[in-house]
Amino acid sequence: MRSNLDSLISLRDYCLIGGYDYAYLNKPLIATEALKKGAVKRLSETLDFWVNATRYDALEIHKKGYEFAIKTRLIHSYARLSIKKYDKDWDTENWGEPINSWDMMATYIGFSLVFMHSLHKLGNTFSIEEEKGLFHLWKYVGYLLGIPENLLPNDKKQATQYFYLWTSVQPPADKDSVLLAHSLLNESLENPILKYNFQRKNLRYLHICCTWFLLDDEVCQRLQIPEVANRKAFPRTKWMINKIYDTLVSRQTRINKGNKDQMKVLNDYHNITQNSNFH
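For the sequence shown, our numbering gives the first residue as 104, with consecutive numbering after it.
As structure tokens, then:
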């Protein structure tokens with residue numbers, strides 16, 4: 104919550120789009136026709152899960168975050184069974200079982216190690232206690248989702264080792280990766296939260312700037328992220344503002360404001376995706 108909208112930028116423009124660079128990790132998304140479903144809906148569901156899992160006391164039994172974790176576990180189970188039953192082209196030898204424990208472990212390292220790395224790049228700082236807390240949070244969420252406990256890292260060092268091992272057997276982006284990445288980039292143009300077309304184009308431009316800033320150039324080139332002018336200006340301005348904000352505003356004030364702003368974004372997405380006219 105303290106990192107406010109930087110958290111959402113990190114999840115979208117680093118963790119999510121960066122994950123598309125790993126070809127095999129994307130196959131369940133393609134198999135469940137995520138591209139037809141659209142990036143707005145997919146992003147709304149991810150945001151709903153993340154926000155509700157990261158509020159105060161959210162993971163107490165039968166609280167909202169806990170219920171979201173169990174619901175997600177059931178969705179994964181259903182998708183796994185459906186892919187195995189109906190997708191005759193599923194390549195188990197290369198891709199492994201659909202939504203397997205190994206890939207899920209890497210995904211949830213995305214919510215801890217990778218997420219924290221992105222926030223740091225945007226000029227955010229965090230204490231050792233906060234870092235430990237973040238790993239503890241996602242270890243428990245991963246446990247609720249059914250990831251074997253021995254695959255869930257306890258700290259930054261362990262997460263780095265696990266993630267290195269996972270990436271060592273992952274091939275880079277393929278044509279499906281590019282399609283998913285561009286679907287996410289174009290979400291800003293399709294999303295009716297912003298009323299005017301020039302606002303949507305500007306938001307897409309800012310997300311592209313952040314993607315280039317946060318990811319390596321080689322990854323952006325593989326995913327065919329468009330080249331844009333002055334792409335470092337917005338992220339560097341954000342970095343500078345965060346450094347100043349960090350020294351002037353109290354931690355609790357930032358937590359309160361971050362919570363309010365994140366909930367507003369979530370509510371905006373809810374209002375759009377729950378509208379029966381939106382496809």
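Even glycine gets a Cβ: it sits at the ideal position worked out from N, Cα and C.
Bear in mind that the values here come from a model prediction, so they are computed numbers and not experimental data.
Below 8 Å, enough C-beta pairs join the stretch 283-293 and the stretch 142-156 to call them touching: three or more. With a cutoff of 7 Å on beta-carbon distance, S221 and I250 are scored as not near each other. Around the Cβ of Y181, a 10 Å sphere holds fewer than 16 other Cβ atoms; the residue is exposed.
Around F218, the same chain offers S113, C118 as residues with beta carbons nearer than 6 Å, after the five sequence neighbours per side are excluded. Short of 7 Å from the beta carbon of L282, and not among the five residues preceding or following it, lie these beta carbons of its own chain, in chain order: L138. Taking a C-beta distance under 7 Å as the contact criterion, C313 and D124 do not qualify as a contact pair. Residue state for F337 is assigned as helix, using DSSP reduced to three classes.
Rounded to whole angstroms, R158 and N370 show a C-alpha spacing of 15 Å.
The alpha carbon of M104 has as its nearest neighbour, out of D364, R307, I375, the alpha carbon of D364. According to the DSSP assignment, H165 belongs to no alpha helix (DSSP H), since it is labelled neither H nor E. Boundaries cannot be given for V272, as no alpha helix (DSSP H) includes it and DSSP labels it neither H nor E. Of L216, G245, L128, the smallest CA-CA separation from K235 is found for L216. Per DSSP, the unbroken alpha helix (DSSP H) holding P131 starts and ends at 130-134. Excluding sequence positions up to five before and after R325, its CB lies within less than 7 Å of the CB of D124, P275, A276, all in the same chain and listed in chain order. H179 and L292 have their alpha carbons spaced roughly 29 Å apart.
Note that the C-beta distance between P201 and I212 is not below 7 Å. Each residue's CA atom was taken as its position, placing D194 and Y127 some 10 Å apart. Counting the other Cβ atoms within 10 Å of the Cβ of R354 gives fewer than 16, which makes it exposed. For V154, the uninterrupted alpha helix (DSSP H) run begins and ends at 142-156, by DSSP. The stretch 315-334 and the stretch 152-171 do not touch, with fewer than three beta-carbon pairs separated by less than 8 Å.
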